[in-house]
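When the letters of the sequence shown are read in order and numbered with the numbering used here, they come out as residues 3 to 214. Everything on this sheet refers to the single structure shown next.
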Amino acid sequence: MWFSKKREEDNEYREDLERLNANLKHSFVKIKEDIKAIKEWIDYFEGQHTDHKNKFNHVERRLADIDQTVSYVLLAPSKQQARLIQQEEKLEEEVKEILEQAPSPQYLKLLDDLTETQKSMFYRLALLLKEADQEWMTIKSLATDLYPNKQYDQVRSTTSEYVNVLVESGLLEKRRRGKQTYITITKKGHQLLEKSKHEMAQKVKNRGKNKD
Numbered sequence: 003m004w005f006s007k008k009r010e011e012d013n014e015y016r017e018d019l020e021r022l023n024a025n026l027k028h029s030f031v032k033i034k035e036d037i038k039a040i041k042e043w044i045d046y047f048e049g050q051h052t053d054h055k056n057k058f059n060h061v062e063r064r065l066a067d068i069d070q071t072v073s074y075v076l077l078a079p080s081k082q083q084a085r086l087i088q089q090e091e092k093l094e095e096e097v098k099e100i101l102e103q104a105p106s107p108q109y110l111k112l113l114d115d116l117t118e119t120q121k122s123m124f125y126r127l128a129l130l131l132k133e134a135d136q137e138w139m140t141i142k143s144l145a146t147d148l149y150p151n152k153q154y155d156q157v158r159s160t161t162s163e164y165v166n167v168l169v170e171s172g173l174l175e176k177r178r179r180g181k182q183t184y185i186t187i188t189k190k191g192h193q194l195l196e197k198s199k200h201e202m203a204q205k206v207k208n209r210g211k212n213k214d
């Protein structure tokens, strides 16, 4: 009877450890995916975010240290297992903190698909709407701000073309009201703006007045 109970306890303990091992391996797979996302961010903004790069390198070193012991978790003493779990949980929190400040791969791809002029127009529109405390602006008003030395008829088609690209990208919405076409920034556009505050600060500095 005693041996039977002991075997049951050993089996339960073994099953618990196997589940723990599986959960840890799954967590490290997710962390490695997050690390890959951070690398893409680092490559895109290389030289601009030294602090975040240092944090990333720290996390990557920690990950390598812990990863070496994960395979042996079933053989580790209970105290070592508990310490490993604590390290893994802390590492996940560090990765989460960095990712909250990092643009996603989808965001980076969206930026890559836009020209500098299109991005400048988008950032400038965001600034104008914020300054005016408005949600909508006419395309004509935006064009006048971007090209102050040109007649609207001269830049109408160019401005409309760029606006259409931003609309197709899901960053802007436009509506026709009478003879005027109004544009606003979508929810997706606002999310991108939150992710690109550092870049936006540089783009709007010169009022986004491109002549393309």
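Backbone N, C-alpha and C fix where the C-beta goes; we use that ideal spot for every residue, glycine too.
Per-residue DSSP class, three states only, for residue i
i: E2; result: Nothing can be reported for residue 2, as the shown portion of the chain is limited to 3 through 214.
i: Y154; result: helix
i: Q50; result: In this prediction, Q50 has a pLDDT of 48, which is less than 50 and means its spatial position is unreliable; what the coordinates show is noted afterwards. Coil at Q50, not helix or strand.
i: Y125; result: helix
i: G210; result: For G210, the pLDDT reaches just 47, beneath the cut-off of 50, and the residue's location in the model is therefore unreliable, although a value from the coordinates is still provided. Residue state, collapsed to three classes: coil.
i: L173; result: coil
i: S143; result: helix
Exposure of residue i, with buried meaning 16 or more beta-carbon neighbours within 10 Å
i: A145; result: buried
i: S159; result: exposed
i: K121; result: buried
i: Q156; result: exposed
i: G1; result: For the chain, the structure presents residues 3 to 214; residue 1 sits outside this window and is missing.
i: R21; result: exposed
i: R179; result: exposed
i: R85; result: exposed
i: A134; result: exposed
i: A128; result: buried
Identity of the residue in the options nearest residue i by Cα
i: L148; options: E137, T161, W138 and Q136; result: T161
i: R177; options: E170, S171 and I185; result: I185
i: L168; options: T119, G180, K152 and A134; result: T119
i: Y164; options: L194, Q153, I141 and L195; result: I141
i: L195; options: Q88, F124 and E20; result: F124
i: Q136; options: K92, I187 and N151; result: I187
i: L26; options: Y154, E170, E175 and E91; result: E91
i: R126; options: L174, Q88 and K152; result: L174
i: T117; options: Q193, K189, N59 and S171; result: S171
Those residues which DSSP pairs with residue i across a bridge
i: Y164; result: Paired residue(s): none; Y164 is not in a bridge.
i: Q182; result: R179
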